[in-house]
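Here the structure is laid out as structure tokens; the discussion comes afterwards.
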Amino acid sequence: MSTSTITLRNLTFEWPDGTVALAGVDGAFTAGRTGLVGRNGAGKSTLLRLVAGLLTPTAGRIERTGEVGYLPQTLTLGRDATIAELLGIAGKLAALRAIEAGEGAAEHFDAIGEDWDIEARADQALHEIGFGAADLDRTVGAISGGEAVLIAVTGLRIQRTPITLLDEPTNNLDRETRARLTELVDSWPGTLVVVSHDLELLEHMDATAELHGATLEVFGGPYSAWREHVAQEQEAAAQAARTAEQALKVEKRQRVEAETKLARRERTGRATQQHGGIPRILAGNRASKAQASAGAMRTTLDAKVRAAQDVLDAAAARVRREEHIHLELPDPDVPRGRRIAELRDGDRTVIIQGPERVALIGPNGAGKSTLLESLLSGRDPERAALLTDRVGYLPQRLDGLDERASALDNVHAVAVTTPPATIRNQLARLLLRGAAVDRPVSSLSGGERFRVSLARLLLADPPAQLLVLDEPTNNLDLASVDQLVEALADYRGAVLVVSHDYPFLRRIGIDTVVELEPGGRMRSRASL
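Numbering (the numbering used here), first residue to last: 9 to 536.
Below, the structure written as structure tokens:
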């Protein structure tokens, strides 16, 4: 039976401004590989930083069975840092070389500890990902961002900490680098906790943990098995709620029927007292007994109604209210076969026509984002050309919003002829309602900000004939990815999307796959 290696007891964390990130969380992680999922804002990254010791709990405690290695979402090493520093072994290597040079200072021996074979281990680990000991002095600026992440993860393996935490390790990785990272994960020793929205990586987990409200629930199986489990659990919870609701209706009806009978009995009693010739004292005794009996009956029936209500409340609390996006979008007027854009590599031309959905894939560094920039800016018509001026663009960074303006005003800025009431209605269909619509964008959560950006894209007036999406699922939780898929299902224009997320591409119904090879050459692929 697996033993817990990380235990959370009433864990609470508040930011300095008083914002509560985690409130009274209980739960545990066991040995093996665990995928940690949950909505944006649930506190997944904060939880990892607390377990890593980078943050201090406001209340509660964390129990760990050993040291912790941690990979943040964003690497902060400068471009001049060496690969040895990225691996986290630069200090040990420097001490080892100093000793080899004849320096016998005690601090060198303390720095090395038991890791006298660190360079050999690093060489072996680096060879597994296409590097070697000869690369230890290379700088981070000489490798790609994906390679840097892969090397940083390799460094955590070399350090051999009993517990390792990875926060969104596949963000911005191309397919080849993702495959290498997955190979590392498959053979990871000890305890590994991975926060990720990468469905393919989550399928390589031994367990799936969900951070939901104040609970951390762990299921023994990969993400797809967990989703099936949740679906079955929710179906049972919904049925229990329906049964409890019917039971409450029965109790309420019986309460009303009983009250009707009591009222009839009281009227009969009063009539008998007035016309039946019963002595006043005897009639009063009978009335008192009847009132006591009625009171007891009311108390019993009220208790049954309250009990039925409590059962319904408990059953309803187990049902998740997962809303879905259903937009009513204007027709972008893109006839089938109409040319919308062209991509060129000197030898061939890829034509995007309505309402086609085109995926642009390829390794990091092949120039996918550069090609998109050429298309949108028009600065290099030999590489790309737009044949429409009605284009919507969703960049990797959602930084095109007016932070001080409300969600409503941000959307109205691109849909000036659309009545505000109509915009509010559409925002509600995008799950932005009430005060969130009128608050400054700067105060919204990540998921809310994403939906505002999506609304600007889809609700523009006139509607875009081409949507250009650059790695749209990066930094989105799984619920937001679902919402993006649902929103795009109602869009009837052309779509050009750059993504390494093949499950997402399959879900949105890609018609054409174009692979950009290193050097900028394009080739068509039959499938993903």
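Positions of the beta carbon are idealized from the N, C-alpha and C atoms, including for glycine. Only a predicted model underlies this, so the values are computations on that prediction, with no experimental measurement involved.
Here DSSP, grouped into helix, strand and coil, assigns residue 359 to strand. Annotation note: the segment 375-458 contains the following uninterrupted alpha helix (DSSP H) runs of length 4 or greater, listed N- to C-terminal: 376-385, 415-420, 428-437 and 443-446.
Contact between the segment 106-121 and the segment 181-190 is absent: fewer than three C-beta pairs spanning the two stretches fall below 8 Å. In the DSSP annotation of this structure, residue 508 is not part of any alpha helix (DSSP H), being labelled neither H nor E. If you draw a straight line from the Cα of residue 27 to the Cα of residue 161, it is about 31 Å long. Residue 57 and residue 387 have their C-alpha atoms spaced approximately 43 Å apart. Boundaries of the beta strand (DSSP E) around residue 227: 223-227.
In the three-state DSSP reduction, residue 117 falls in the helix class (H, G or I). CA-to-CA, the gap between residue 493 and residue 377 works out to about 22 Å. For a cut-off of 8 Å, the C-beta gap from residue 224 to residue 35 is around 3 Å, short enough to register as a contact.
With a 10 Å radius around the Cβ and a threshold of 16 neighbouring Cβ atoms, residue 450 comes out exposed.
Non-local C-beta neighbours of residue 156 in its own chain, meaning closer than 7 Å and more than five positions away in sequence, comprise 83, 94 and 148, ordered along the chain. Look at residue 57 here: in three-state DSSP terms it is helix. Residue 240 counts as exposed, since fewer than 16 other C-beta atoms from the protein chains shown sit within 10 angstroms of its C-beta. In this structure, residue 458 sits away from residue 481, with a CB-CB distance that is not shorter than 8 Å. Annotation for residue 157: the continuous alpha helix (DSSP H) segment containing it runs 153-167.
Excluding sequence positions up to five before and after residue 21, its CB lies within less than 7 Å of the CB of 29, 30, 54, 58, 63, 65 and 66, all in the same chain and listed in chain order. For the pair residue 72 and residue 166, the CB atoms are not nearer than the 8 Å cut-off.
Here the C-alpha atom of residue 312 lies approximately 24 Å from the C-alpha atom of residue 244. The C-beta separation of residue 501 from residue 340 comes to about 4 Å, placing the pair in contact by the 8 Å criterion. When only Cα atoms are considered, residue 49 and residue 69 end up about 21 Å apart. Take residue 193, set aside five residues on each side of it, and the residues of its chain with a beta-carbon closer than 6 Å to its own are 212, in chain order.
When the alpha-carbon of residue 487 is set against those of 108, 205, 151 and 255, the nearest one is in 205. Just measuring C-alpha positions, the residue of 203, 332, 153 and 427 sitting nearest residue 86 is 153. Taken through DSSP and simplified to helix, strand or coil, residue 220 comes out as strand.
Residue 73 sits in coil when the DSSP states are folded into three classes, being neither helix nor strand.
Counting C-beta pairs with one atom in each stretch, the segment 362-378 and the segment 432-452 have fewer than three that are closer than 8 Å, which means they do not touch. Note on geometry: alpha-carbon atoms of residue 521 and residue 32 lie some 47 Å from one another. Its chain contains 344, 345, 346, 347, 348 and 502 as the residues whose beta carbon lies nearer than 8 Å to that of residue 361, once the 5 sequence neighbours on both sides are disregarded; these appear in chain order. With 16 or more other CB atoms across the displayed protein chains lying within 10 angstroms of its CB, residue 216 is buried. Residue environment: residue 52 is assigned as buried (16 or more neighbouring CB atoms within 10 Å of its CB, all protein chains considered). Residues 536 of the same chain have their beta carbon placed closer than 6 Å to that of residue 510, with the five preceding and five following residues left out of the count.
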